Structure formats: C-alpha cells, structure tokens
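If you read the sequence shown in the UniProt record's numbering, its first letter stands for residue 1, the second for the next number, and so on.
Every residue gets a Cβ at the ideal spot worked out from N, C-alpha and C, and that includes glycine.
Model, not experiment: these values are computed from the prediction.
Working notes for the structure below.
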Amino acid sequence: MKKSGSSKNNSTTTTTTTTNKFSVLVVDDDLVIQRIHKVFLNRFGFETQVVGNGKEAVDLYRSGASFHLVLMDMEMPIMDGPKATRELRGMGVNNMIVGMTSRDRDSEKQAFMGAGLDDCYMKPLTADTITSLLQQLNIKYH
C-alpha cells in the first residue's frame, strides 16, 4: 500500500472539464491524493471536481450540483467520509459513492461501507480500479 504525503487542503476546489459524459467528485483532504486521482480521471476523460472535506461535498449537492461518481476519503477534517456519505444518502443522492481509505482494517472498511457506500478501495486508486469504476458507471447509466 502506498502512503500519501502529509500535505493537507481543507478548502480548495478544482474543476477540470473534458469530453467524457461522466462527472466525478473527488473528496479528499490530501493534496497528493487529489492530484493523483485528478490525473488518472483526466486521462479517462472524466469531468472532475475536487473538494477538501465531506462538508464541501454535501454543500455542493445542496447547491444543486450532481455527479455520476463520488470518490470519498474516509478520514478528513470538518466532516469525515462516513458522515458525509450518510448525509448524501439522507438527501436522496443515489449516485455511486465509492470510499477511499489508506487503512487496511476490514472492520473500518465495513463501518465505512455501512454509511452507504457502493464500494470501497485502498488509495490511491489505480488505473485498473478506475477502469472497473468506468465499467460500473456504463452499466448503471446505460
């Protein structure tokens, strides 16, 4: 498992628009992980938006934003991934929410899944994982 750097970002939002019909919200407070995932997603042609914590993700949805896929970190300041996922599901968000964690403990992953995730992966995500997610999105939205 690769560990991410310790750079933290609590309020940066970055948007990249490309030609793919799928939009992804990356919710992670680690700048290194944000960059890694943004690069991978851009290579696959996703429209990508990045926020630094769960509250920013919830606020985006409350303001009317919507994404085909949310990549949600488990541990973040202000609002963590499980709480943000529960809030999004409570708001009726039924888009794919996929958890990302650097922890390899099954009990913690299961607790995160219990918040309403569709799946959970170790981070950083790999190209193979993103390919699998793209296939799932194609099935869900076609």
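Contact annotation: M76 and D128 have beta-carbon atoms that are not nearer than 8 Å. Three or more beta-carbon pairs separated by less than 8 Å are not found between the region 23–37 and the region 107–121, which leaves the two stretches without contact. Here L69 is near M96, since their CB atoms are less than 8 Å apart. A buried status is given to A57, since no fewer than 16 other beta-carbon atoms sit within 10 Å of its beta-carbon.
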